[in-house]
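The structure appears below as structure tokens.
Residue numbers (our numbering): 396 to 522.
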């Protein structure tokens with residue numbers, strides 16, 4: 396009803412479809428996929444190798460609630476203008492109030508320090 400009527404016989408003939416992409420494009424896509432697979436394999440190998448090297452020096456320590464710890468304070472923890480190089484870096488001993496997970500703890504800091512009491516295990520040392 397709404398279709399147009401072909402004006403010539405050529406409009407009725409179905410033309411054969413050729414390849415939709417060129418052979419060169421297919422070869423290039425295959426080579427890119429092969430390179431990507433090699434890169435992913437190499438990255439996985441390298442990351443596994445780095446993990447083994449780093450884990451040799453990793454210090455894993457699990458503290459319990461109530462343990463006494465020394466807290467290492469980085470200069471980023473201090474309010475602006477209150478940090479100096481001659482200040483001590485380790486403070487304490489303080490008690491652990493809460494264990495968030497094996498990697499994070501809440502420490503009973505005095506109120507005058509005015510910093511967050513949540514610390515990573517890398518910043519805590521046994522007293």
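Backbone N, C-alpha and C fix where the C-beta goes; we use that ideal spot for every residue, glycine too.
Buried or exposed (CB count within 10 angstroms, at least 16 for buried), residue i
i           : result
residue 427 : exposed
residue 500 : buried
residue 491 : buried
residue 440 : exposed
residue 438 : exposed
residue 464 : buried
Cβ-based neighbour list, residue i, same chain, cut-off 8 Å, excluding 5 preceding and 5 following
i           : result
residue 493 : 460, 500, 501
residue 410 : none
residue 451 : none
Which residues DSSP lists as bridging residue i, in chain order
i           : result
residue 500 : 494, 514
Contacts around residue i, its chain only, beta-carbon distance under 6 Å, and the 5 residues preceding and following it disregarded
i           : result
residue 412 : none
residue 510 : 472
residue 446 : none
Report the residue ranges of all beta strand (DSSP E) runs contained in full by the segment 425 to 480; include only those spanning at least 3 residues, in chain order. Scanning the segment 425 to 480 for uninterrupted beta strand (DSSP E) segments of 3 residues or longer gives 463 to 467, listed from N- to C-terminal end.
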